[in-house]
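Everything below concerns the one structure shown next.
In this note's numbering, the protein residues as written are 5 to 418.
Encoded structure:
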């Protein structure tokens, strides 16, 4: 009886436990984390991280634009730590490292940007800049081309590829790249300038001049285009147009100087003076050449032009002083000795002329003009046998030379 009572006493306790368990089951089930709930929390956390990372990215962008590179780097590292899947974060970090001259780090960051979004053009472009600085032009061109392919509206990508192709003398490739885009970017001065560069390097000065003229119409103040136009017009034999273009460069320089003196490019001065020579206006050319040697006293070509113009005008003192300067600046070149020899001839001192022409021949052992000048001076100095010998040596160097043949006829006829 006592045993039965004990069993009966335990039964309610067990029953109550079973009942409690039964009642708790729905509650416990409702409190257990479901997979959908976990995913929702993960997505919410990711959104929070992305949002806060965007704040850091915006601050980094502002710091970068204001030149605060260290601050920009720290903000980007913070943004990437929260959300490293954003290609634009890595791309901006690559630009920060590029500006900081940390080129290896720049390539690493830009490559990560590309890995996260292969359709994002910007990191290809900036990685191309790094490769170009490393002189890895093949990779640089490939990246510039890829950037251009992904973003057709960015002319900078096309121009970067074309400029490097031109530097590599891949002129046909550069032309093929630029011409199809010319209609779309017809009002871009740099596009026409590069086409002018291609024509100039291809030996087509007239086509180059046309391209530079279009570029000047679009952007008259673009640097160097005016100088390139002057050179192309001279190369094309357009002497009057060259002269006019050079004088426009003078006017532009005066305006840019705002009342202060601005130096004119030595190439512009040279082509201006030489155009005047070609137009028969040698006295005016001498003035330009005098300006050139004052502006660029170490420029041998400017002194040579001045000496030649002075000699043509019979200004022997100026020609002699200019030729002396040439010899001082370039003693291993023949031109200074040749002009000094010609000055001596004009003064009737053929013995001195022969001495200078011999020095010219020593400076240019294969020079035809130097030998012809020596031979003619020898003839005037009465040394006919040696004169003919020198001309025969010149014929041995260049058998088809019309200059030597004419000199031989003059010597034999004399």
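Where is the CB? At the ideal position from N, CA and C, for every residue including glycine.
All values derive from a computational prediction rather than experimental measurement.
{"Query": "Distance, residue 378 Cα to residue 310 Cα", "Result": "22 Å"}
{"Query": "Same chain, Cβ closer than 7 Å to residue 372, five either side skipped, listed in chain order", "Result": "398, 401, 402, 405, 407 and 408"}
{"Query": "Contact belief for residue 64 with residue 96 at Cβ below 8 Å, rounded distance in angstroms", "Result": "6 Å"}
{"Query": "Within 7 Å, strictly: CB atoms of residue 121 and residue 151", "Result": "no"}
{"Query": "CB of residue 358 within 7 Å of CB of residue 381, strictly", "Result": "yes"}
{"Query": "Proximity to residue 168 [Cα-Cα], best of 88, 391 and 133", "Result": "133"}
{"Query": "Which listed residue (340, 70 and 58) has its alpha carbon closest to that of residue 79", "Result": "58"}
{"Query": "Cβ contact (3+ pairs, closer than 8 Å) linking the segment 316-324 and the segment 296-303", "Result": "no"}
{"Query": "Under the three-state DSSP convention, the category residue 232 falls into", "Result": "helix"}
{"Query": "Segments assigned alpha helix (DSSP H), at least 4 residues, entirely inside the segment 87-156", "Result": "91-103, 107-120, 125-137 and 141-154"}
{"Query": "Host alpha helix (DSSP H) of residue 283 (start-end)", "Result": "Unbroken run through residue 283: none, as it is neither H nor E."}
{"Query": "For residue 253 and residue 245, the rounded distance between their alpha carbons", "Result": "12 Å"}
{"Query": "Cut-off 6 Å between Cβ atoms - residues of its own chain near residue 323, not counting five sequence neighbours on either side", "Result": "311, 314, 315 and 347"}
{"Query": "Same chain only: Cβ atoms within 6 Å of residue 332, ignoring 5 sequence neighbours per side", "Result": "none"}
{"Query": "Residue 340 beta carbon less than 7 Å from that of residue 327", "Result": "yes"}
{"Query": "Candidates 351, 87, 417 and 73, of which the one nearest residue 98 by Cα", "Result": "73"}
{"Query": "Contacts around residue 36, its chain only, beta-carbon distance under 7 Å, and the 5 residues preceding and following it disregarded", "Result": "Here the model assigns residue 36 a pLDDT of 49, short of 50, so the residue's position is not dependable and the matter cannot be decided."}
{"Query": "Between the CA atoms of residue 362 and residue 353 - distance to the nearest angstrom", "Result": "15 Å"}
{"Query": "Best match in 374, 336, 171 and 159 for proximity to residue 129 [C-alpha to C-alpha]", "Result": "159"}
{"Query": "First and last residue of the uninterrupted alpha helix (DSSP H) at residue 416", "Result": "406-417"}
{"Query": "Uninterrupted beta strand (DSSP E) stretches inside the segment 182-233 (no shorter than 3 residues)", "Result": "none"}
{"Query": "Three-way DSSP call (helix, strand, coil) for residue 57 in this model", "Result": "helix"}
{"Query": "Of the residues 368, 195 and 278, the one placed nearest residue 223, counting alpha carbons only", "Result": "195"}
{"Query": "Coil, strand or helix - residue 323 by DSSP", "Result": "helix"}
{"Query": "Counted within 10 angstroms of its Cβ, other Cβ atoms place residue 86 as buried (16 or more) or exposed", "Result": "buried"}
{"Query": "Straight-line gap, residue 123 to residue 94 (C-alpha atoms, nearest Å)", "Result": "14 Å"}
{"Query": "Candidates 101, 118 and 116: closest to residue 110 by CA position", "Result": "101"}
{"Query": "Burial state of residue 88, where buried means 16 or more other Cβ atoms lie within 10 Å", "Result": "exposed"}
{"Query": "Cβ neighbour criterion (16 or more within 10 Å) applied to residue 173", "Result": "exposed"}
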